[in-house]
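What follows is one structure encoded as structure tokens, with my remarks underneath.
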Amino acid sequence: MSAEEPIRSFEEFWPHYVRAHSNPGNRMLHFAGTTAAVACLAAGILTRKPKLALLAPVVGYGAAWIGHFGVEKNKPATFGHPLWSLASDFIMWWKILNGSMDAEVERHTAAAAAAAPAAPPPQEDAAKSGSPDRYAIN
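Here it is in structure tokens:
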């Protein structure tokens, strides 16, 4: 799937999401933000303080966006696919917790590299190689 093709399913979105979170610092900010967001939501519900629950998206997205703009230097997936991104945040949270996220990043990064077109071989400079340049004007 090329960058120009639209993402049509969660199965297509997940590898894109994983590659957009390849930096461990970004993933840790997401983990902290998701944990804090769930804590705010739970505390707001348990204490019956809606304002506390309303902080959940601010805390969660705030940490995640710092990770994207400040650490990973990319655009959050939330902008294009908010629901799939939210689901992916929780999947990534669980994979970080159980120690499987690094392997997931390696797997999807390697798959993308294998699918990418090969770079053309570098052109050898005739002057450096010692071979005559057949297009040189003498």
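According to the numbering used here, the stretch in the sequence shown is residues 345 to 482, in order. Glycine included, each C-beta is placed from N, C-alpha and C at the ideal position.
Beta carbon of residue i nearer than 8 Å to that of residue j
{"i": "glycine 388", "j": "alanine 407", "result": "no"}
{"i": "alanine 381", "j": "valine 403", "result": "yes"}
{"i": "leucine 390", "j": "alanine 400", "result": "no"}
{"i": "glycine 411", "j": "leucine 441", "result": "no"}
{"i": "threonine 453", "j": "serine 353", "result": "no"}
Residue i burial status per 10 Å Cβ neighbour count (16 or more: buried)
{"i": "tryptophan 437", "result": "buried"}
{"i": "arginine 478", "result": "Residue placement at arginine 478 is flagged as unreliable, the pLDDT there being 45, under the threshold of 50; a coordinate-derived value is accordingly withheld."}
{"i": "arginine 371", "result": "buried"}
Span of the alpha helix (DSSP H) around residue i
{"i": "asparagine 370", "result": "368-390"}
{"i": "lysine 395", "result": "394-410"}
{"i": "histidine 425", "result": "Neither: histidine 425 is in no alpha helix (DSSP H) and is coded neither H nor E."}
{"i": "phenylalanine 413", "result": "Note, phenylalanine 413: premise wrong, no alpha helix (DSSP H); not H, not E."}
Nonlocal neighbours in the same chain, by C-beta distance under 8 Å from residue i, ignoring five residues either side
{"i": "alanine 421", "result": "Phe357, His360, Tyr361, Ala364, Trp428, Ser429, Ser432"}
{"i": "lysine 439", "result": "Met445, Glu448"}
Proximity test, residue i beta-carbon vs the ligand FAD heavy atom, cut-off 7 Å
{"i": "leucine 398", "result": "This structure lacks the ligand FAD; in fact it carries no ligand of any kind."}
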